[in-house]
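Novice: Sharing a structure with you now.
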Amino acid sequence: MKTKRKVLFAAFEATPFIKTGGLGDVAGSLPAALCDGETEVRVVLPKLGTLREEFTSRMEFITHFTVPLGWRRQYCGLFRLERDGHIWYFLDNEYYFHRAAPYGEFDDGERMAFFAKAVCECMAHLPDFFPDVLHCNDWHTALAPVFLREQYRGMADYERVRTVFTIHNLKFQGQYDPCVLGDVLGLDSCEAARGQLLRDGAVNYLAGAVAYADAVTTVSPTYAGEICGSELGEGLDGLFRRRRGVLSGILNGIDRRDYDPERDKALVQRYRDVSGKAANKAALQRALGLREERDAPLLCMVSRLTEQKGVDLLCELLPRLPDEGVQLAVLGTGERDFERRLGEAAVASGGRIAARLLFSEELSRQFYAGSDMLLMPSRFEPCGLSQMIAMRYGTVPIVRQTGGLRDSVEPYNEFTGEGTGFGFTRADSNDLLGAIRKAVRLYGDRDAWTALAARCMTMDFGWDGPAEEYRALYRRLLA
Numbered sequence: 084m085k086t087k088r089k090v091l092f093a094a095f096e097a098t099p100f101i102k103t104g105g106l107g108d109v110a111g112s113l114p115a116a117l118c119d120g121e122t123e124v125r126v127v128l129p130k131l132g133t134l135r136e137e138f139t140s141r142m143e144f145i146t147h148f149t150v151p152l153g154w155r156r157q158y159c160g161l162f163r164l165e166r167d168g169h170i171w172y173f174l175d176n177e178y179y180f181h182r183a184a185p186y187g188e189f190d191d192g193e194r195m196a197f198f199a200k201a202v203c204e205c206m207a208h209l210p211d212f213f214p215d216v217l218h219c220n221d222w223h224t225a226l227a228p229v230f231l232r233e234q235y236r237g238m239a240d241y242e243r244v245r246t247v248f249t250i251h252n253l254k255f256q257g258q259y260d261p262c263v264l265g266d267v268l269g270l271d272s273c274e275a276a277r278g279q280l281l282r283d284g285a286v287n288y289l290a291g292a293v294a295y296a297d298a299v300t301t302v303s304p305t306y307a308g309e310i311c312g313s314e315l316g317e318g319l320d321g322l323f324r325r326r327r328g329v330l331s332g333i334l335n336g337i338d339r340r341d342y343d344p345e346r347d348k349a350l351v352q353r354y355r356d357v358s359g360k361a362a363n364k365a366a367l368q369r370a371l372g373l374r375e376e377r378d379a380p381l382l383c384m385v386s387r388l389t390e391q392k393g394v395d396l397l398c399e400l401l402p403r404l405p406d407e408g409v410q411l412a413v414l415g416t417g418e419r420d421f422e423r424r425l426g427e428a429a430v431a432s433g434g435r436i437a438a439r440l441l442f443s444e445e446l447s448r449q450f451y452a453g454s455d456m457l458l459m460p461s462r463f464e465p466c467g468l469s470q471m472i473a474m475r476y477g478t479v480p481i482v483r484q485t486g487g488l489r490d491s492v493e494p495y496n497e498f499t500g501e502g503t504g505f506g507f508t509r510a511d512s513n514d515l516l517g518a519i520r521k522a523v524r525l526y527g528d529r530d531a532w533t534a535l536a537a538r539c540m541t542m543d544f545g546w547d548g549p550a551e552e553y554r555a556l557y558r559r560l561l562a
């Protein structure tokens, strides 16, 4: 019997355990899709203090070990949880992980360094599962490939491990004072590590992973090309160009079983085709205090309220949108100025604009099901999942053609009827308004609009294709 290749997938969050953004969705669904007759994938996460008792009560304690971190030697407990036939490992240290929130702590640099080092250490303690591939995600785990090559040199089992590093958002790199190199990482005497980690006067965790990993991926092909340029390279474009031979982009997917309007319990009425959206639209209008106008196009935005997401472009249009005959519903939290402007616009709109300044998984699904169009005017977007989810629910996306939005939304062609949404290229509010107007015009042609929304629902953004691309990458690394 052929031995399966073993992959340890490291992330700081994964649904359903903890989720703050797209990384949680991906880490919660991709590993299961990667498993096949030749590949076994297990996930390692921090045992955060915010984990619900329904999960912690079912965890099995395996062992504990000591993690060397600079001059420190820290306790780490190793727990195992089997869920839906898949195995998850949790690394425990109450000092680092028992916090009120997963991120945003004063010592995040030390916490993430501990997690990355503990991931490396735990591999020797996993029963019958020493990985062939360590797949790390975002800056929280970026030091693991560095530690693996510099501090486990000469250890045969570790030296054969191949590393993959996936960038979900280059904006966040983990940059700290140079003293961290010695005090926390214990790498101050290593010239190679010093040369790769020190950039622009700071220790840069993500840069370390890009320099040391055997393969670097981003979450869309277009974004992989964009970060090699100065505009979106976030200061690392030269490094990406140097490592272009190991850099690739694999478009994210979504869990189609989870995001399924035919089975989604959050919806007022479940549906198989576009006709089922009407009841959900009426219910959403009532719940948000919008006018119950069946024929008024209902636009929504489900997003972090940040400049990256193009919320500033939308805010510039707020005084003009009611005159376009549309309604707008916004769900999310973020920068205070954007929250204030959206809240004030909602109050002044007379039932044309609604803002729910919170995060709610259930309400987000009701937004996707009840809206006609989704706005994603992002200044940059590594991949984006909202446009994929929206299409699954028959909601037509209006996006800026950047990153994963360009890879997943085909602009509508009014002459051929082909396409799955509406796009614009410049990060400009007038260009966004132009795309909205094109969508609204088509919305007036009920047959054409229904055909477009129905086509969106047929798009397959599941994990089968991307998972095979990752497995092919693993095979190449281990060949």
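Here the numbering used here is used: position 224 in the sequence shown is 307, and no number is missing along the way. Note that beta-carbon positions come from the ideal geometry of N, C-alpha and C, so glycine has one too.
With a 10 Å radius around its C-beta and 16 neighbouring C-beta atoms as the bar for buried, classify residue 328 as buried or exposed.
Specialist: Exposed, by the Cβ-count rule.
Novice: Give me whichever residues DSSP pairs with residue 331 in a beta bridge.
Specialist: 300
Novice: Which runs of the beta strand (DSSP E) fall wholly inside the stretch 423 to 456 and span at least 3 residues, in chain order?
Specialist: As far as the stretch 423 to 456 is concerned, its whole beta strand (DSSP E) runs of at least 3 residues are 436 to 439.
Novice: What residue from 180, 250, 176 and 215 has the CA that sits closest to residue 110's CA?
Specialist: 250
Novice: Would you say the stretch 232 to 245 touches the stretch 266 to 276, given that touching needs at least three Cβ pairs under 8 Å?
Specialist: yes
Novice: What are the boundary residues of the beta strand (DSSP E) that includes residue 170?
Specialist: DSSP places residue 170 in the uninterrupted beta strand (DSSP E) bounded by 169 to 175.
Novice: DSSP beta-bridge partners for residue 218?
Specialist: 92 and 247
Novice: For the stretch 260 to 322, which segments carrying the alpha helix (DSSP H) assignment without a break, of at least 4 residues, lie completely within its bounds, in sequence order?
Specialist: Runs of the alpha helix (DSSP H) inside the stretch 260 to 322: 263 to 266, 274 to 280, 288 to 295 and 304 to 309.
Novice: Which two residues bound the contiguous alpha helix (DSSP H) that contains residue 557?
Specialist: 547 to 561
Novice: In this structure, does DSSP put residue 480 in helix, strand or coil?
Specialist: Residue state, collapsed to three classes: strand.
Novice: Would the stretch 446 to 465 and the stretch 373 to 387 be scored as touching if the rule is three or more Cβ pairs under 8 Å?
Specialist: Contact annotation: the stretch 446 to 465 touches the stretch 373 to 387, with at least three C-beta pairs closer than 8 Å.
Novice: Shorter than 7 Å, the distance from the beta carbon of residue 145 to the closest heavy atom of the ligand FAD, or not?
Specialist: Judged by which ligands are present, the structure shown has none, so any question about the ligand FAD falls away.
Novice: Report the option in 512, 500 and 501 whose CA atom is closest to the CA atom of residue 482.
Specialist: 512
Novice: Span of the beta strand (DSSP E) holding residue 414?
Specialist: 410 to 414
Novice: With DSSP run on the structure shown, which of helix, strand or coil describes residue 185?
Specialist: coil
Novice: Please classify residue 580: is it buried, with 16 or more other beta-carbons within 10 angstroms of its beta-carbon, or exposed?
Specialist: Since the first residue shown for the chain is 84 and the last is 562, residue 580 is missing from the structure and cannot be characterised.
Novice: Alpha carbon to alpha carbon, what distance is there between residue 289 and residue 245?
Specialist: Answer to the nearest angstrom: the Cα atoms are 17 Å apart.
Novice: What would DSSP say about residue 502, mapped onto helix, strand or coil?
Specialist: coil
Novice: On the CB-based measure, 16 or more other CB atoms within 10 Å of its CB, does residue 107 come out buried or exposed?
Specialist: Buried, because 16 or more other Cβ atoms sit within 10 Å of the Cβ of residue 107.
Novice: Taking the alpha carbon of residue 222 as the reference point, which residue from 473, 530, 330 and 194 has its own alpha carbon closest?
Specialist: 194
Novice: For residue 465, which of 186, 310, 204 and 248 has the nearest alpha-carbon?
Specialist: The residue with the shortest Cα to Cα distance from residue 465 is 310.
Novice: What number of angstroms, rounded off, separates the C-alpha of residue 345 from the C-alpha of residue 259?
Specialist: Cα to Cα, residue 345 sits roughly 47 Å from residue 259.
Novice: Is it the case that the stretch 384 to 398 contacts the stretch 411 to 421, given that we only count it when at least three CB pairs across the two stretches are under 8 Å?
Specialist: As far as the Cβ criterion goes, the stretch 411 to 421 touches the stretch 384 to 398, which means the pair count is three or higher.
Novice: Using 8 Å as the cut-off, can you tell me whether the stretch 367 to 375 makes contact with the stretch 389 to 406, which would need three or more C-beta pairs spanning the two stretches below that distance?
Specialist: no
Novice: Can we say the stretch 184 to 203 touches the stretch 148 to 158, given the rule of at least three CB pairs closer than 8 Å?
Specialist: yes
Novice: Less than 6 Å between C-beta atoms, sequence neighbours within five positions excluded: which residues of the same chain meet that for residue 541?
Specialist: none
Novice: Taking only three categories from DSSP, how would you classify residue 391?
Specialist: Of the three classes helix, strand and coil, the one that applies to residue 391 here is coil, per DSSP.
Novice: What separation, rounded to the nearest whole angstrom, lies between the Cα atoms of residue 227 and residue 167?
Specialist: 28 Å
Novice: Pick helix, strand or coil for residue 382, following the three-state DSSP scheme.
Specialist: strand
Novice: Rounding to the nearest angstrom, what Cα-Cα distance links residue 503 and residue 494 in this structure?
Specialist: 6 Å
Novice: I think residue 248 touches residue 293, with their Cβ atoms under 8 Å apart; what is that distance to the nearest whole Å?
Specialist: 7 Å
Novice: To the nearest angstrom, how far is it from the Cα of residue 139 to the Cα of residue 342?
Specialist: Within the model, the alpha-carbon separation for residue 139 versus residue 342 is close to 26 Å.
Novice: Cβ of residue 161 within 8 Å of Cβ of residue 149?
Specialist: no
Novice: Determine, using beta carbons only, whether residue 426 comes closer than 8 Å to chain D.
Specialist: Of the chains in the structure shown, none is chain D; there is only one protein chain.
Novice: Select from 170, 298, 252 and 319 the residue whose C-alpha is nearest the C-alpha of residue 282.
Specialist: 319
Novice: With DSSP as the reference, please indicate the residues paired to residue 122 in a beta bridge.
Specialist: 88
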